[in-house]
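The structure appears right after this line, and notes come after that.
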Amino acid sequence: MGFPYNICQGQVVTSYGVSCTGNLSYGNEERNREIDVEGLFRACTKSEDVKCLHALLAVSGKAKSSFVATRLINMYSYFGNVSLSRDTFDQVRDKDSYTWNSMISAYVRNRQSNKAVKCVSEMLSRTDVRPDFHTIPTVLKACSALPDEASLHYRILKSGFEWDVFVAASLVHMYCRFGFADRAYTIFKDMPSRDTGCWNSMISGYFQNGNAKEALSILDDMILEGVKMDSMTVATILSVDLLRGMLIHLFVIKHGLAFHVFVSNALINMYSKLGELKCVPNVFDHVYVRDIVSWNSVIAAYEQNNHPYVAIKLFHRMHLNKVQPDLLTLVSLSSCVAQMKDPLCVKCLREYCVLINLYGKCGRLSEAIFLFYQVCGETSVPWNAIMSCHGLEDTSLKYFEKMLNEEVKPTHVTFLSLLNACSHSGLVDQGKWCFQVMQQEYEIIPTLKHYGCMVDMFGRVGLLETAYNFIESMPIRPDASVWGPLLGACRIHGNVEMGRKASSHLFELDSQDVGHYVLLSNLYANFGRWEGVNEVRSLARDRGLWKTPGWSSIELNSRVEVFYSGNQSHPQYGEILKELGMLNAKIKSLGYIPDTSFVLQDVEADEKENILPNHSERLAIVFGILNTPPKTCIRIYKNLCVCGDCHNVTKLISKLTEREIIVRDSNRFHHFKDGLCSCGDYW
DNA sequence: GTAGGGTTAG
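Following the UniProt record's numbering, the numbering of the first sequence begins with 1 at its first residue and continues without gaps.
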């Protein structure tokens, strides 16, 4: 079982043996002709085309059928984009067991066992679908990664399934993962028939439990029974049986397994462990398709055999090949740096501090955590960076605890990171605790930013009165950074009266910031209080502010292009509008519903929808998409705040176009990537 | 249209 397409250096060779490199045409969508699903799947080649394919299927309404959706779910998951698998899954009208099984596998395949188990629970709670033979091995695989969920397989097996070879192999694997090799062997020896997968499970299971002798004995039995080793058997035993390694290499060459990436990687590691470095390039240079493990293995081979400079050169080569380093790459690099004893390199590594923050802000938490552990030390800087990573909020306090255990002294920035984290995850009590500890134990006097964080924290969870009283009790005069979050919270929770209070303070403090007028106007508009909208507009107009149009700029080829809302004078306006229309249709098919509450005009709902796409940042983003190579990061500067609807749309655009989009507005920066967004303050 | 078993560090 496997992906029907062999992915090779950015191209895909279909199972029909035809190399497809062309892009699918969007023309089909326009002609609205009957779509040949099978033909499209065959023609689907690169990941870029998968999205085109999906768009076509979505337009034709076929993406919602369980048959087509199942294929899409699998295709996305094989390309590593499990969130698109989930989007597709959610839109299926009548999910059958194929659809459920595919979704569960998509999670497992992408190492998201927690979500897989959650999905299984959802499936079990339904009456219209039951787990089947295909569900069980996947569930067991998920459970193997989650010891706490081990009992789940009993619940499934109680459903009355007989074991087949897939189920048995999975059970053997799971028990070995939990250290019960004997129990696994009982299942293995009682099996009426075994395929190569079952043998592999038992062999690797013994190895995992440190019992190489038993593992090799099972391998001998397998060969005696006439079962031929496959690529998986070879990859397993190469990592342990170094003495027989060269013989196995001959077997690999003879049986055409050398082109299998797992086998090649295992060979590199074997030669590295044997100290036979001269054999390493021989294998590595002949690998047809290299993955991250191939690069890590070859870098580690030189690093561990005391050739750090060669390892660093290979890292550069990896970089030139546009392969992103991961945790293990950086582990090897750290060792290289240590071996070289070069202070400059050590400094470079320390400057990864970011990067922890950057990785965290773009949602790549595993990288952030890894980098953090590389550099965490005596200063609070990396600790602050990791604590401010979004998505880690509920564990930020744990990092704080660890930081104190390491005797690193927190600073006012540490508490800003912590309060920010508490605010984003609604941890009000913990936030209050931080605020108190900061002053009483560390004698840090809160700044306006700390107060602003507290107000934001109360406001986000709807504690508007608490937030207001908190501001009233402040020993220093609150500024716009304190009243602003309250007004924002009033906008979210729809409290017009509190919003009026907050904005009156804001107008007094900073009457020139049009953003405050916009927020209040927005709040009125959301409740249909058009007299309030007009009042705020008049006020702003009287102060010469309302005429300030929203604009967004983008720099391209050393030239700055500026876009105004609805401005039609740009030479590419027609092209931009067409692309925007197409993107709009696609994101709607992914479930996007325009949030017209951000349109500050008393017009009909339909018309509001037409106003939103003209927001200047969208024009600038689409201009960027049209004029830069695929996957180039798009950076936008906007003079006003990004509205909530643009925020949602940009998230989806980043996902659809695989673009990293950074928007800096008058208040914060927004980092969009893979359909997610993290925002940050400028501090 | 859906499933199991495989490679990298410390």
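From the three backbone atoms N, C-alpha and C, an ideal C-beta is built for every residue, glycine too.
Bear in mind the structure is a predicted one, so any value in this text is a computation, not a measurement.
Just the Cα atoms here: how many angstroms apart are L676 and E122?
-> 24 Å
Inter-stretch contact (C-beta, 8 Å, three-pair minimum) for the segment 470-489 and the segment 434-442 = no
Contact under 7 Å by Cβ, L509 with D542 | no
Is DSSP giving C646 helix, strand or coil here?
-> helix
Backbone secondary structure at C679 - three-state DSSP = strand
In or out: K95 buried (at least 16 other Cβ within 10 Å) or exposed?
-> buried
Provide the residue span of the beta strand (DSSP E) that contains E561, from first to last.
-> 559-564
Could you round the C-beta distance between L238 and L267 to whole angstroms and report it? I think they count as a contact, below 8 Å.
-> 6 Å
Helix, strand or coil at F672 according to DSSP, with G and I counted as helix | strand
With a cut-off of 8 Å on the beta carbons, I'd call K64 and R93 a contact; round off their distance for me.
-> 5 Å
Using the beta-carbon count (16 or more within 10 Å), is D128 buried or exposed?
-> exposed
Is the beta carbon of N265 less than 7 Å from the beta carbon of V234?
-> no
Start and end of the beta strand (DSSP E) containing I554?
-> 551-556
Roughly how many angstroms lie between the CA atoms of I312 and F79, to the nearest whole one?
-> 29 Å
When the Cα atoms are used, what is the spatial distance from V642 to T447?
-> 26 Å
When you compare only the Cα positions, how much space is there between I248 and L146?
-> 33 Å
Which residues share a DSSP beta bridge with Y637?
-> S553, R664
Status (buried if at least 16 other CB within 10 Å, exposed otherwise) for D221 | exposed
Does DSSP put F262 in a helix, a strand or coil?
-> helix
Is P630 helix, strand or coil when you go by DSSP?
-> coil
Given that a residue counts as buried once 16 or more other Cβ atoms are within 10 Å of its Cβ, and exposed if not, what is P629?
-> exposed
Going along the chain, which residues of its own chain have a beta-carbon closer than 6 Å to the beta-carbon of R177, five neighbours each way excluded?
-> S144
To the nearest angstrom, how far is it from the Cα of V437 to the Cα of K118?
-> 37 Å
Which word fits I593, buried or exposed, when buried means at least 16 other C-beta atoms lie within 10 angstroms of its C-beta?
-> exposed
If you run the structure through DSSP and keep just helix, strand and coil, what is V193?
-> Inspection of the sequence shows that residue 193 is occupied by Ser rather than by Val. Note: S193 maps to coil in three-state DSSP.
Same chain, Cβ closer than 6 Å to A58, neighbours up to 5 away in sequence not counted = S589
Three-way DSSP call (helix, strand, coil) for residue 698 in this model = One cannot answer for residue 698 here, as it falls past the ends of the chain, which runs 1 to 683.
Cα-Cα, which of P485, H134, E214, S125 is closest to N101?
-> H134
Out of Q324, H319, L320, Y302, state which residue places its alpha-carbon closest to the alpha-carbon of S332.
-> Y302
Can you grab the Cα-Cα spacing for the pair V108 / D164, in whole Å?
-> 20 Å
For the candidate residues A421, N296, S97, whose alpha-carbon lies nearest to that of Q324?
-> N296
Is the beta carbon of P485 less than 7 Å from the beta carbon of G459?
-> yes
By DSSP, does M438 sit in helix, in strand, or in coil?
-> helix
Sub-7 Å separation of V120 and I104 beta-carbons | yes
Compute the Euclidean distance between the alpha carbons of Y98 and I662, then round it to the nearest angstrom.
-> 38 Å
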